[in-house]
Amino acid sequence: VQRFSLTDSLGESTKYLTLGDRIRMTVSHLEKLTGDTSGTLPKKSDLVLYVADYPMEQIRPLAIARSSEDSSLSVLTFELIRTEETMKDWKMFYTMPRDYTHMVKFSVGMKDGSAVAENEGHEIEVVFIRKGIYRFALAGLLFIIISLFILARRSSIIKDNCLLPTQQKPFSLAKTQLAWWTGIIISCYIFIWAVTGARVPITESTLALLSIGITTSVGAKVIDVSQEKKHRPQASPSSGFIIDILSDDNGVSIHRFQMVVWNLVMGVGFVISMAINYAMPEFDNTLLALMGVSNGAYLGLKIPENPKHSGMGEGKQQPPAPVVAPPPPVEAPPPPPPAPQTPPPPPADG
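So, in structure tokens, the structure goes:
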């Protein structure tokens, strides 16, 4: 490799590379990589980009051409892209020690690694994490979290539908789960895009987790609508966020508890995986199936939660009906005093 030229995504020259930029390298006697003595240039499909001596198997040259200055020189153009196909190739560079930039050696070679063009010590600065935007993105995430918290407290976005005032409505477990995964997925995607400059693909696991949350929320709504004639526990004033989402008619219930725990575990794992790899996580299918079973158990056991008679707030036993004392007996009014007797008139004289 004789020399390099770098251009950004807009075609302007740059002194360092980020994802989306292009690198143009000039290589002497490129045909020797294939062992072709006829002077024919290799096919683009036979060559891959080498970054730090690591073959980027899915990054092929965009163009190969002879140099106009010297027929023994060939010019190759590569684009540093991070797509679903190239995600595996870039993973190792995002799990390296957390420097924002790295000095990296670039080269070109056969995709099977049988021959690689020598790089005479040329290293290029590559910005894997944009420092200024990284801090701005962290501040933005903090703002989103605080905003969601305030919205959840002051609105009905994660509360059950009932006739109570907004501040008294109990919190809904199904809506909370949907808001949990929506917030995590959107925040992680925007963070990765802002920090790396690459719009990473949405993985199947991400889609599955959001689908589970939506399906559970819809199922819970259907159950509640079908039992509108019953006095549902959700129609009673809130007992606090934790009590509301963990409790049914009889107090804290195991099917709600296990659902909350699994969502916490998966959510924390999702964020940690994103922070390590700067990519949307991919979970094992068995783990996703376990999440589905957990949510299915919640929906199945939610059906008998609502009592047939009078209901009460979640996590509270029904208070006994107040005993109404019988009214005191009404006493008959005392009889009126006897009328004074008028003495008879004296007898008349003869």
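In the working numbering, each residue's number is its place in the sequence shown (first place is 1) plus 1415. Ideal placement from N, C-alpha and C gives every residue a C-beta, glycine not left out.
Please list the terminal residues of the continuous beta strand (DSSP E) segment that includes valine 1686.
Element bounds for valine 1686: not the beta strand (DSSP E) but the alpha helix (DSSP H), 1669-1692.
Is the Cβ-Cβ distance between glutamate 1538 and methionine 1518 less than 8 angstroms?
yes
Alpha carbon to alpha carbon, how far is tryptophan 1505 from asparagine 1692? Give it in angstroms, no decimals.
9 angstroms
So, do the region 1553-1562 and the region 1486-1503 have three or more beta carbon pairs nearer to each other than 8 angstroms?
no
Which residues does DSSP pair with alanine 1480 in a beta bridge?
Val1490
Would you call glycine 1728 buried or exposed, if buried means 16 or more other Cβ atoms sit within 10 Å of its Cβ?
Residue confidence for glycine 1728 is low, a pLDDT of 37 falling below 50, so the modelled location carries little weight and cannot support an answer.
Quick check on the burial criterion: 16 or more other C-beta atoms within 10 angstroms. Buried or exposed for phenylalanine 1551?
exposed
Contact between the region 1573-1587 and the region 1605-1620: three or more CB pairs below 8 angstroms?
no
Inter-residue Cα distance where the pair is methionine 1471 and serine 1460:
13 angstroms
Under three-state DSSP, which class holds serine 1766?
Outside the shown range of the chain (1416 to 1765) lies residue 1766, about which nothing can therefore be said.
Could you give the distance in angstroms between the alpha-carbon of glutamate 1494 and the alpha-carbon of valine 1708?
43 angstroms
I'd like the span of the alpha helix (DSSP H) that includes lysine 1503, first residue to last.
1502-1509
So what's glutamine 1437 in DSSP terms, helix, strand or just coil?
A quick correction: the sequence has arginine, not glutamine, at residue 1437. Correct three-state label for arginine 1437: strand.
Round the Cβ separation of methionine 1706 and proline 1696 to the nearest angstrom and send it over; I've been treating them as touching at under 8 angstroms.
That belief does not hold up - the Cβ atoms of methionine 1706 and proline 1696 are roughly 13 angstroms apart, past 8 angstroms.
Kindly identify the DSSP beta-bridge partner or partners of methionine 1471.
Leu1464
When we look at the beta-carbon of isoleucine 1607 and count the other beta-carbons within 10 Å, is it buried (16 or more) or exposed?
buried
Cα-Cα separation between threonine 1455 and alanine 1704, rounded to whole angstroms:
53 angstroms
Is the distance from the Cβ of threonine 1422 to the Cβ of valine 1542 below 8 angstroms?
no
Just to confirm the assignment, what range does the beta strand (DSSP E) spanning glutamate 1766 have?
This structure does not reach residue 1766, given that the chain is present from 1416 up to 1765, and the question cannot be answered.
Using beta-carbon positions only, say whether leucine 1714 and threonine 1631 come within less than 8 angstroms of one another.
yes
Bridge-paired residues (DSSP) for threonine 1422
Ser1428 and Arg1437
Using DSSP's beta-bridge definition, name the partner residues of serine 1662.
Val1667
Supposed close pair valine 1463, lysine 1503 - CB separation, criterion 8 angstroms
Not quite, the Cβ-Cβ distance comes to about 13 angstroms (not below 8 angstroms), so this is no contact.
For tyrosine 1469, which residues from the same chain have a beta carbon less than 8 angstroms from its beta carbon, with the 5 sequence-adjacent residues on both sides left out?
Asp1504 and Met1507
Measuring straight from C-alpha to C-alpha, what distance separates glutamate 1683 and leucine 1477?
It is valine, not glutamate, that sits at residue 1683 in the sequence shown. Each residue's Cα considered, the two are about 39 angstroms apart.
Beta strand (DSSP E) containing phenylalanine 1521: first to last residue?
1516-1525
If you reduce the DSSP assignment to three classes, tell me which class serine 1602 lands in.
helix
Could you tell me which residues DSSP puts in a beta bridge with phenylalanine 1586?
Lys1574
Taking only the alpha-carbon atoms, compute the straight-line gap between glycine 1528 and leucine 1448 and give it to the nearest angstrom.
10 angstroms
Which residue or residues does DSSP assign as beta-bridge partners of valine 1531?
Gly1524
Confirm the yes/no value for this check: CB of phenylalanine 1606, any heavy atom of the ligand FAD, distance under 7 angstroms.
Absent from the structure shown: the ligand FAD. Ligands present: none.
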